[in-house]
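The sequence shown: position 127 = 158 (my numbering), numbered continuously.
Just so it is clear, CB atoms sit at the ideal spot from N, CA and C, and this is done for glycine as well.
Only a predicted model underlies this, so the values are computations on that prediction, with no experimental measurement involved.
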Amino acid sequence: MKKTYLMIFLMMMLVMVGAGCSSDETEMKAQAGGKVELTVSAAVSLQDALNDIKKSFEKENANVEVHYNFGASGALQQQISQGAPVDLFFSAAEDKFYKLVEEDLIEEKNGIDLVGNDLVLVVPKDSKKEIGSLEDLTKAAKISIGTPESVPAGQYAKQTLENMNLFKEIEDRLVYAKDVRQVLTYVETGNVDAGLVYKTDALNSSKVEIIAAAQADLHDPIIYPVGMINNQEHAKGAKLFYDYLQTEASMKIFEKYGFKNLN
């Protein structure tokens, strides 16, 4: 009987030691020359800047490979809440980020408000519509914004239109999109007369014209927080990339694409 108890005790100790070692997986793989693969769920409006940052990061950190999951911040937040295996979350809205903090999936100390953005009105480059301001949206037959419940840019757009007392007047002409890039595509292809997108997206399109920027006091501040998910498999690799996003080199890339440095 004693031998049986001894065997059970030894097996339990082995399990505990194995669990303790898992937190050092990134470091061990790096030492062994293996690849550590990180998953970063990020707002689609960050796509161009983050792809550039990935290239420079992986050049300096050959043993860490970054994989992005781009989408609307609300949809990404729900995926993480439901258990999706993610190492970092880079949101286009604070409320989506702090939802994960409330759920104990991110510790507030492991997150930072990194960059900011502006909301702008865009029309197709060759538009014949006389739309010269946000007030002129009443002249448009179709206007696209992101779905407010899941797309932060759509949430900011709705707030702006409501505060200008325009939303109810044009509500039946709104075409909702799954993310801000889809809004931009609708405008680029002429499927809508106008759209509300982030300035960073508009600046990188040669097919749209920026007509006006929404006043900052008409919507919540456009802030992009980023943070590390708790208890993820690659804690050290995640911290490495999290810190890299805050470096001067990364901030220059964000600024190149039109983001505001909040630090």
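Out of curiosity, what's the CA-to-CA distance linking residue i and residue j?
{"i": "Leu152", "j": "Ile84", "result": "28 angstroms"}
{"i": "Glu279", "j": "Ala80", "result": "14 angstroms"}
{"i": "Ala103", "j": "Val206", "result": "16 angstroms"}
{"i": "Met38", "j": "Gln110", "result": "Below a pLDDT of 50, predicted positions are generally treated as unreliable, and Met38, at 47, falls in that range; the measurement from the model is reported next regardless. If you take the alpha carbons of Met38 and Gln110, they lie about 41 angstroms apart."}
{"i": "Thr70", "j": "Glu89", "result": "14 angstroms"}
{"i": "Ile254", "j": "Lys159", "result": "34 angstroms"}
{"i": "Asp251", "j": "Gln190", "result": "8 angstroms"}
{"i": "Ala124", "j": "Pro256", "result": "7 angstroms"}
{"i": "Glu161", "j": "Gly268", "result": "51 angstroms"}
{"i": "Phe121", "j": "Leu145", "result": "9 angstroms"}
{"i": "Glu96", "j": "Asn235", "result": "26 angstroms"}
{"i": "Asp274", "j": "Val117", "result": "17 angstroms"}
{"i": "Val228", "j": "Tyr288", "result": "14 angstroms"}
{"i": "Phe272", "j": "Val182", "result": "25 angstroms"}
{"i": "Arg212", "j": "Ile260", "result": "26 angstroms"}
So, helix, strand or coil for residue i, using DSSP?
{"i": "Asp251", "result": "coil"}
{"i": "Ile176", "result": "strand"}
{"i": "Ala184", "result": "helix"}
{"i": "Asp144", "result": "strand"}
{"i": "Glu200", "result": "helix"}
Apply the 10 Å Cβ neighbour rule to residue i and answer buried if 16 or more other Cβ atoms are within range, or exposed otherwise.
{"i": "Pro155", "result": "buried"}
{"i": "Gln277", "result": "exposed"}
{"i": "Ser281", "result": "buried"}
{"i": "Gly163", "result": "exposed"}
{"i": "His98", "result": "exposed"}
{"i": "Ala247", "result": "exposed"}
{"i": "Lys230", "result": "buried"}
For residue i, which residues in the same chain have their Cβ closer than 7 angstroms to its Cβ, ignoring the five residues on either side in sequence?
{"i": "Phe101", "result": "Ala73, Val75 and Gln78"}
Leaving out the 5 sequence neighbours to the left and right, which residues in its chain are closer than 6 angstroms to residue i when beta-carbon positions are compared?
{"i": "Lys238", "result": "Lys156 and Glu219"}
Within the same chain, show all residues whose beta-carbon is closer than 8 angstroms to that of residue i, passing over the 5 residues directly before and after it, in chain order.
{"i": "Gln108", "result": "Phe120, Ser122, Lys127, Phe128, Lys130 and Leu131"}
Is the stretch 130 to 137 touching the stretch 186 to 201, taking contact as three or more C-beta pairs under 8 angstroms?
Counting Cβ pairs under 8 angstroms, fewer than three are found: no touch.
Does the count of Cβ pairs from the stretch 215 to 223 and the stretch 163 to 177 closer than 8 angstroms reach three?
Taking a cut-off of 8 angstroms on C-beta distances, the stretch 215 to 223 touches the stretch 163 to 177, as three or more cross pairs fall below it.
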